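**Q** Chains L and Y, in that order, are what the protein sequence lines are.
Every letter in the first sequence is one number past the one before it in the working numbering, and letter 212, counting from 1, is 212.
Every letter in the second sequence is one number past the one before it in the working numbering, and letter 423, counting from 1, is 1423.
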Amino acid sequence: MMHGGGGHGGRGNFDEDEILGKAYDARLMRRLLGYLRPYRGLVIVALLIILGISVTEAAPPVLAKFIVDNAIAPAVNGQIDIDEGFARLAPLGIAYIAVLLLGSGLRYAQTMLASYVGQRAMYDLRVQLFAHLQSLSLTFFDRNPVGRLMTRITNDIDALIDMVTQGVVAIFGDIVVIGTIAIVLLVLDFRLALVTFAALPLLIWLTMYFRRIMRDSFRSIRIRLARINAYLNENLSGMAIVQLFTRERASFQQFDDLNTDLLNANRGQIRAMSMFFPAVGFTRAATSAALFVAGGFWILKGEMTIGTLLAFWQLVDRFFQPIGDLAEKYNIMQAAMASSERVFRLLDTTATIVDAPHPRELAHVRGEITFDNVSFAYNEGDWVLRDVSFKISAAESVAIVGATGAGKTSIISLISRFYDVQKGRILLDGVDLRDLRQDDVRRHVGVVLQDPFIFAGTVASNIRLNNAAISDQQVRAAAAFVNADKFIEKLPQGYDTVVTERGSTLSVGQKQLLAFARAIAFNPEILLVLDEATSSVDTETEHLIQDALAKLMVGRTSIIIAHRLSTIQNVDRIIVLHKGRVVEMGTHRDLLAERGVYHRLYELQYRAHEPSASA
Amino acid sequence: MTSARATFFHYLAGHRLQLLVGVCLAAGSSLAAVVPPRFIGEIIDSLQKPSARFDDVLRLALLIVVFAAAEAALRAGARYVMLDASRKAEYRMRNDLFAHLQRMHLAYFQHQRIGDLMARMTNDLTWVRQMMGPGIMQGSFTVMVFTFAVLSMISVSLKLTVIALILMPLASLTFWYIGRTVHQRFERLQSQFGDMSTKAQENFSGIRVVKAFSQEDAETKDFAAVNYEYFRRAVALSAMQGLIWPSISFILGIAVLSVLYVGGQDAIRGELSIGSLVQFVAYLYLLQMPMINIGWISNMFQAGWASLGRLQEIFNAVPKITDPIDPVTAPIQGEVEFRGVSFAYGQTIELHDVSFKVPAGGSLAIVGPTGSGKSTMVNLIPRLFDAQQGEVLIDGISVKRRPLEQLRRAVGYVPQETFLFSVPLRENVGFGLDEKLTDPQLEWAGDVSQLNKDVEDFPARYDTMIGERGVTLSGGQKQRAAIARAVAKDPRILILDDALSAVDTYTEAEILRRLRGVMRERTSIVVAHRISTVKDADEILVLDGGRIVERGSHRDLLEHGGLYAQMYRRQLLEEELEVDEEREEHSKRVKAEADEGPQLGMRPRLGGIGGEP
C-alpha cells in the first residue's frame, strides 16, 4: 500500500522525509540484486575481470622493482656490465607495456560490462514499473500527482543505475584490489607489509570518523535544503499575497534565517571535508616515511633490496586510494537506497480493480446495460451515486442530464469499470462487470472523454492507438464517418501530421472530432460520450460535431452526457440525475411536460445555449 | 543590466581577502608537496653508498613527515577557506535573488513559470557555487602543482622532463576528443531522457484514455521502446566515458615507463643517480591529479558559466511596478475612482474604458460572466497590475503616486483562489500585521469570517499547522481564513474577489452581515457571481467583455431588465433546484469540513490570482 501517498501534491519534490534514507538496507539490496540475476553470466565475467584488474594494478610497481634490482642497480654497482644492463632493461620494459595495455583494456571492459548490466537491469525494472502502473486503478492516479510518478520512473531509477554501476560493482572492485595488493605486499616482504598494515587502523578510523560526520552533516544539510526549497516554492507561488500584505521584509527575514541555517550546516560539512583528504594524504606520506626508515634499516643490514622498497613506496598509494574512496561511495549508496525504497513501494502497490480469477467469456455483446441499485463514492461515505437503477436496452440511445456534481461522469467511469461500485451491481448483457475481463469490457465500450487526450504521434496513430489491426483504410473511413477527414486532409502531412497534447496544432473542436474517430475506429457495441460544455468551438466545427454525434449513435447502445439541445432531443430516452439519484426518466417531450427538475435544468442549461430553439 | 562576468566578480570580490589567503595557502601547500621527493631521492642514494648511515635515513624520513604535515595542514586550510568563501557567496546570491524576486511584479511570475524559477534557484545556483568553490580551488591547485612539479622535474633532468611531457599534447588531444564526444553523447542521452519523461508523463495524464481503449500493453511496449533507446544511448555514453580513466592511467604509465627506461639507461651509464630517477618518478605521480582534474574543472566552469547566465536573467529582470520618485504620503481615506481605465493582457483587451467612483465608506459590487474582467479590475487597485490607459485614483490621487507599502497596507484583499501558507493558522490570519496578532483581534477576525466554529475542531485551534504538514482545509474554510486575514489588517478598502464561492449560502449571509458592520466606515468592493452576495451594495456594476454594460442598485438593475435581471432569473431557477436539499446539504458540508477535506491540498498557484489578471 502507498504510505504518504495522500495526494496532496504541490511540494512533493521537497519533502524532507523523502530525502533521507539508510545507506544500506539488506532487504532492499537483495531485492535490487535480484534484477541482476538474468545477467549473472555477465556479472561473473565482470567479477573475473575485476580480479584481473587487481593483478594489473599491483604489477607495475613489482616490475619497477625488477627494473631497479635486476637491471639498473647491478649495472650501477658494476656487478654486470652496461650492455647487459641495457639488455635486461628491454624485456622488463616490454612486460611493463603489456601490463599497462592489459590493465587499461580490462578496466575498460569492466566499465562497459558494469554499465551494460546496470543499465539493462534498470531498463527491466523501469519497464516493469511502467507496466505495473498501467495495471493500477484510477483511484491511484487520482491520489498520486503525475509529477511524483514521473520522478519515480525517471530520476529514482537513474539513482539505482548509479548504485549498481558505481556503487556495488566499484565497492566490490575496491575490496578485491585492496586484498590483492595486500597479498602482493606480504609476498614481497613480510616485514614491510606489516609496517604498511600498521597504518590501516588509523586510515580506517579516519574514514569511519569522517564518514559519520559526513553522514550527519549530509542529513542536516538535506533537511535544511528541503526546508529552504519548500519555503522558496511557497513564497514564489504566493508572491502576490506576500506583496499585497506587505510581507516582503518579514518574509525575507525568514528566508535569510533559513539560508543562514543552511550556510552554517554547510560550513560544518566544509570543515570536515577540508580535513579529510589532506588527513588521508598525510597518513599515506607518513606511512611511506615509515617504510623508508624500516626499509632503509633492512637494506643497510643487507636483508632487502632497494627495488623492494621502491615497490612498496608505489604500492602504498594504490593500496590506500580505494580505502579513502569508500567514504565517497557512501553518498551514492544513500541516495540510491532512498530511491529504491520509493520505487519498490510503488511496485508493491496493489491494483484495486482486478479481473476475477475465472472471468466469464464475452463472445458476443448485444449492449444491454443495467444499473441495479448502484451506490458509489470516490471517498468513503461521500456518496456520489445513491441507489441508482436503470436499464438501457441494446442499441438504445440515452442522455444523462443533471447539474454539475450530479454524478453524470461517475456513471460513464463505472460502465468502463474505472472504479468499482460499493453497493449494487452493473450488468452488461446481464453479466456483472466484475465477472468480466476489464479488457473485454473496454474492447466493447468506446469512450469519448470530455478532454480528448492527444498522444504524441501522428493523426493516424491517434485514431488507431497502437492497434495494428486497424488498417489505414479503416482509419480514413472512421475519420470520414465523423466528419474529421476534411480538416485532417488540410493538415500539412494529412494523416501523418505529427500532433502532441501540448502542441497547439489542433483546436478543441478538432480534438473532439479526432476522439470521435478514435472511438468509432474500434467499432464498439456501446458508446459512452462525455460531452459537457467546453470552451469555444467555432460554428462550423460545432455543426460537424453535432452531425457526427447523431451518426455515431445509430445502431449501438449510446450513453451521452450532453450539453447540446440537439443531442438530447435526438436520444430515445433521458435520465435525469440530481444529487446522485435518478429523479426523472423519459423523452424530452414527456419530461418537459412534467415540469419537474428536467424542465428547470432545460431552462437553465439548454435553452440559453440554443437561441434558435427558444419557444 | 549587468553581465554575468560582472556578477561573477561581484560575488567573488565580497570574499577577496579570504580567496587571496586561500590561493596563498594553496601555493604553500603545492610548494611543500614538491619537497619530499627530493628527500626520497636522497634516501635512495644514501642507501647505495657504502658509507651510508641509518641516522641520515631517519633524519630524511623525519623531514618527509614534516613537509607532508605542512602540506596537509596548508591544503586543509586552503580547502576550508576557499570552499567557505563559495558557500558565503552562494548564501549572498540566494538572498539577493530572493530579494530581487520579491520586488518583481505579478505578471513576471505568470510569464516565468515557478518551476523554472525554482530550478534556477536550486540547480543553477548549485552549479555556480561549484564553479566558485571547488572549481576555483581545484583550478588553483592544478595550476600550482603542475607548475611546481614541472619546475622541479627540470631541475632534476631537462631531458627526462621533455620525454615525460612529450606525451602531454597527445594526452590533451585525446582528452579533448573524448570530452567532446562524451559531451555530445551526454546531450543525446539527455534528450532521450526528456523523451522518456514525456512519454511517461503523457501516459499518466491520459491514463483514462489508455484504460478506456485497453492500451496498457501497447503503451508499455511503446515505453519499452523509448526506454530501450535510452539504455542504448546510456551504454554508448559509457563506451566513451569509460575510456577516460584507462587512457589516463595508460598515458601516465607510458610516461613513467619512458622515464624509467631512458632514465634507467642514464643511471646505468652513471649520468643519473637512482635516487634522482626515483625523485623524478615521484614528480610524475604528482602530475597525475592535475591531469585528471583539467577536464573536470573545465566542465565545472562551462556548466557554472551557463548556469550563471540563467541566474543573470533573473537579476536583469526589471520590476515594472515600483515606488514613485515623489510619493504622496497623505493618509488614505478610501475613495476609489477609475477614470477611463483600459487594460490589455498580452493581445487580449481585458478592460475597456472603465470609469466609476466609490466614495470613502461606500460599497461597490461587480458582477458579470467569467472572463468579463472583474478580477482584472480589482487587481488594479493594489497595483498587482498597472493600467495601460486611464487612471486608478484613491482619494483623488493616482495609485501610482503612492508608496507601494502604504497603498497595499490600506487594502485588504481576498483573492479568487485562496493561497495560505504552511504556517499555523494564527500566523496566516495575522499575515498582514507587523506585530503579533493579539487574541482579541484573532477572535474578532475569526468571528467576522465565521472561522471560529471550524477552528474548535482543529487539534490545536488557531495554532494548528496548515497545509501538507498539518490539516488540509476545505475550500470554504480556506476562503474564510483568507477573509479573516484581510479583515485582521483593519484595511481602509476591502476587496473580495469572488471570495465566497465555496462558502454555503447560510454562512455567506452570516459573513456578509458581519462585514457590513465592520465596513460601515470603510470602502468595500465585492466581486461575485451570486446575486445574494451583491444585492445590498450601494452600487452594482455589470461587466461584460471588459466594459461596464449596466450600473445601479439591485432594484434599478432588476427594473432595467438587462443582463443583471437575466442572471437573477437564472439564479432563482438554480435555487429552486437546490433549495429542497439545501438544508441537508448544509449540515453535510459542515460535517465534511470538520473531517478532513477533499484531496486538493494547498496547491501553490500564483497567489490565487493567476487566471484573470
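Don't be surprised by glycine CBs; every beta carbon is placed ideally from N, CA and C.
In this text, all values refer to a predicted model and were calculated from it rather than measured experimentally.
Using a Cβ-Cβ cut-off of 7 Å (strictly less than) and excluding sequence neighbours within five positions of ILE1325(Y), which residues of its own chain qualify?
**A** On the second sequence, residue 1325(Y) is found 325 positions in, with the first residue counted as 1. Excluding positions up to five away in sequence, the list is empty.
**Q** Anything in chain L within Cβ reach of MET1289(Y), meaning under 7 Å, just list it in chain order.
**A** Counting from one through the second sequence, the residue named residue 1289(Y) turns up at place 289. None at all; the shortest Cβ gap to chain L is about 10 Å.
**Q** Determine the DSSP secondary structure at GLY1476(Y), reduced to helix, strand or coil.
**A** In the second sequence, the residue the question calls residue 1476(Y) occupies position 476. Residue state, collapsed to three classes: helix.
**Q** Just mark ASP1116(Y) as buried or exposed, buried being the case when its beta carbon has 16 or more other beta carbons within 10 Å.
**A** To locate residue 1116(Y), count along the second sequence from 1; it is residue 116. The residue in question, ASP1116(Y), is exposed, as its Cβ has fewer than 16 Cβ neighbours within 10 Å.
**Q** May I ask you to report which of helix, strand or coil DSSP gives GLU983(Y)?
**A** Coverage of chain Y is limited to positions 1001 through 1613, which leaves residue 983(Y) absent and any answer about it impossible.
**Q** Going by DSSP, name the residue or residues bridged to SER375(L).
**A** Along the first sequence, read from residue 1 onward, the residue named residue 375(L) stands at position 375. DSSP output for SER375(L) lists LYS423(L) as bridge partner(s).
**Q** First and last residue of the alpha helix (DSSP H) that includes THR567(L)?
**A** Indexing the first sequence from 1 puts residue 567(L) at position 567. Taken as a continuous stretch (DSSP letters only), the alpha helix (DSSP H) holding THR567(L) covers 565-570.
**Q** Going by C-alpha distance, which of VAL1367(Y), ARG1555(Y), ILE1321(Y), TRP1305(Y) is nearest ARG1402(Y)?
**A** Reading the second sequence from its first residue, position 402 is the one you call residue 1402(Y). When only C-alpha atoms are compared, the closest one is ILE1321(Y).
**Q** Below 8 Å on C-beta distance, what does ALA1218(Y) contact in chain L?
**A** Here the question's residue 1218(Y) lines up with position 218 in the second sequence. Here the neighbours are LEU465, ASN466, ASN467.
**Q** Along the beta strand (DSSP E) that carries THR1322(Y), what are the first and last residues, could you check?
**A** As a working mapping, residue 1322(Y) is identified with position 322 in the second sequence. Counting along the chain, THR1322(Y) falls outside any beta strand (DSSP E), and DSSP gives it neither H nor E.
**Q** Specify whether the stretch 1425-1439 of chain Y and the stretch 1485-1493 of chain Y touch according to this definition: at least 3 beta carbon pairs, one from each stretch, less than 8 Å apart.
**A** Enough Cβ pairs lie closer than 8 Å, so yes.
**Q** So with CB distances below 8 Å, who are the chain Y contacts of VAL367(L)?
**A** Counted from its first residue, the first sequence places residue 367(L) at position 367. Reading off the sequence, residue 367(L) comes out as Gly, not Val. Chain Y residues near GLY367(L): none, gap ~16 Å exceeds 8 Å.
**Q** Out of PRO1246(Y), LYS1088(Y), ALA1085(Y), point me to the one whose CA is closest to ARG107(L)'s CA.
**A** Residue numbering aside, residue 107(L) sits at position 107 when the first sequence is read from its first letter. Of the candidates PRO1246(Y), LYS1088(Y), ALA1085(Y), the one whose C-alpha sits nearest the C-alpha of ARG107(L) is PRO1246(Y).
**Q** Once DSSP output is grouped into helix, strand and coil, what is the label at GLY12(L)?
**A** In the first sequence, the residue the question calls residue 12(L) occupies position 12. A caution first: GLY12(L) carries a pLDDT of 37, below 50, which makes its placement in the model too unreliable to give a value.
**Q** Tell me the residue span of the alpha helix (DSSP H) that contains GLY1206(Y).
**A** In the second sequence, the residue the question calls residue 1206(Y) occupies position 206. No alpha helix (DSSP H) holds GLY1206(Y); DSSP gives it neither H nor E.
**Q** Return helix, strand or coil for ARG1583(Y), following the three-state DSSP convention.
**A** The sequence position of residue 1583(Y) within the second sequence is 583, counting from 1. A caution first: ARG1583(Y) carries a pLDDT of 47, below 50, which makes its placement in the model too unreliable to give a value.
**Q** In angstroms with no decimal places, state the Cα-to-Cα distance between HIS444(L) and ALA394(L).
**A** As a position in the first sequence, residue 444(L) is number 444, starting the count at 1. As a position in the first sequence, residue 394(L) is number 394, starting the count at 1. Looking at the two C-alpha atoms, the distance is approximately 12 Å.
**Q** Could you name the residues that DSSP lists as bridge partners for TRP383(L)?
**A** Taking the first sequence and counting its residues from 1, one reaches residue 383(L) at position 383. Note: TRP383(L) sits in a beta bridge opposite ALA377(L).
**Q** Please list the segments of the alpha helix (DSSP H) lying wholly inside the stretch 240-327 of chain L, counting only runs of 4 or more residues, in order along the chain.
**A** Counting only runs of 4 or more, we get 248-300.
**Q** Can you confirm whether ALA198(L), when its beta carbon is compared against all beta carbons of chain Y, has any partner nearer than 8 Å?
**A** Counting from 1 along the first sequence, the entry for residue 198(L) is found at position 198. No, because no Cβ of chain Y sits closer than 8 Å to the Cβ of ALA198(L).
**Q** For LEU1020(Y), name the three-state secondary structure that DSSP assigns.
**A** As a first step, residue 1020(Y) is located in the second sequence; it is residue number 20 there, counting from the start. LEU1020(Y) falls in the helix class under three-state DSSP.
**Q** Looking at the structure shown, is MET1104(Y) part of a helix, part of a strand, or coil, going by DSSP?
**A** As a first step, residue 1104(Y) is located in the second sequence; it is residue number 104 there, counting from the start. In the structure shown, MET1104(Y) sits in coil (DSSP, three-state: anything other than H, G, I, E or B).
**Q** In chain order, what residues of the same chain lie with their CB nearer than 7 Å to the CB of GLY494(L), ignoring the 5 residues before and after it?
**A** Walking along the first sequence from the start, residue 494(L) turns up at place 494. Excluding residues within five positions, the ones whose Cβ falls inside 7 Å are ILE488.
**Q** May I ask you to report which of helix, strand or coil DSSP gives GLY1115(Y)?
**A** On the second sequence, residue 1115(Y) is found 115 positions in, with the first residue counted as 1. The answer is helix: DSSP assigns GLY1115(Y) an H, G or I state.
**Q** Which of helix, strand or coil does DSSP assign to GLN1389(Y)?
**A** Sequence index remark: in the second sequence, residue 1389(Y) carries index 389 (1-based). It is a strand residue.
**Q** Quick one: does the C-beta of VAL146(L) sit closer than 7 Å to a heavy atom of the ligand FMN?
**A** No copy of the ligand FMN occurs in the structure displayed, which carries no ligand at all.
**Q** Per the contact definition of three or more C-beta pairs closer than 8 Å, is the stretch 546-563 of chain L in contact with the stretch 523-530 of chain L?
**A** Contact holds: three or more Cβ-Cβ distances are below 8 Å.
**Q** Between LEU601(L) and GLY402(L), is the Cβ-Cβ spacing less than 8 Å?
**A** In the first sequence, residue 601(L) corresponds to position 601, counting from 1. In the first sequence, residue 402(L) corresponds to position 402, counting from 1. Contact flag set, yes.
**Q** Determine the contact status of THR287(L) and ALA159(L), defining contact as a CB-CB distance below 8 Å.
**A** Within the first sequence, residue 287(L) is the residue found at index 287, counting from 1. Within the first sequence, residue 159(L) is the residue found at index 159, counting from 1. No. Outside cutoff.
**Q** Would you say ARG120(L) reaches chain Y, if we count a Cβ-Cβ gap shorter than 8 Å as a contact?
**A** For this step, residue 120(L) is matched to residue 120 along the first sequence. For ARG120(L), the answer is yes, since a Cβ of chain Y falls inside 8 Å of its Cβ.
**Q** Pick out whichever of ALA193(L), PHE130(L), SER461(L) has its Cα sitting closest to the Cα of PHE1204(Y).
**A** Numbered from 1 along the second sequence, position 204 holds the residue referred to as residue 1204(Y). Of the candidates ALA193(L), PHE130(L), SER461(L), the one whose C-alpha sits nearest the C-alpha of PHE1204(Y) is PHE130(L).
**Q** Is the beta carbon of VAL1527(Y) closer than 8 Å to that of SER1375(Y)?
**A** Reading the second sequence from its first residue, position 375 is the one you call residue 1375(Y). Reading the second sequence from its first residue, position 527 is the one you call residue 1527(Y). A contact, by the Cβ cut-off of 8 Å.
**Q** Can you give the beta carbon distance from GLU1335(Y) to VAL1358(Y), rounded, assuming they're within the 8 Å contact cut?
**A** Translated into positions along the second sequence, residue 1335(Y) becomes position 335. Translated into positions along the second sequence, residue 1358(Y) becomes position 358. Yes, they are in contact, since the Cβ atoms of GLU1335(Y) and VAL1358(Y) sit about 7 Å apart, within 8 Å.
**Q** Please determine if the stretch 1062-1069 of chain Y and the stretch 1011-1028 of chain Y are in contact, where contact requires at least 3 C-beta pairs separated by less than 8 Å.
**A** Touching, no, given that fewer than three Cβ pairs across the two stretches are closer than 8 Å.
**Q** Any chance the stretch 1386-1400 of chain Y sits against the stretch 1334-1349 of chain Y, with 3 or more Cβ pairs inside 8 Å?
**A** Yes, the stretch 1386-1400 of chain Y touches the stretch 1334-1349 of chain Y.
**Q** State the Cα-Cα distance for the pair LEU1058(Y) and PHE297(L), rounded to the nearest angstrom.
**A** Numbered from its first residue, the second sequence carries residue 1058(Y) at position 58. Numbered from its first residue, the first sequence carries residue 297(L) at position 297. Taking the straight line from one Cα to the other gives about 9 Å.
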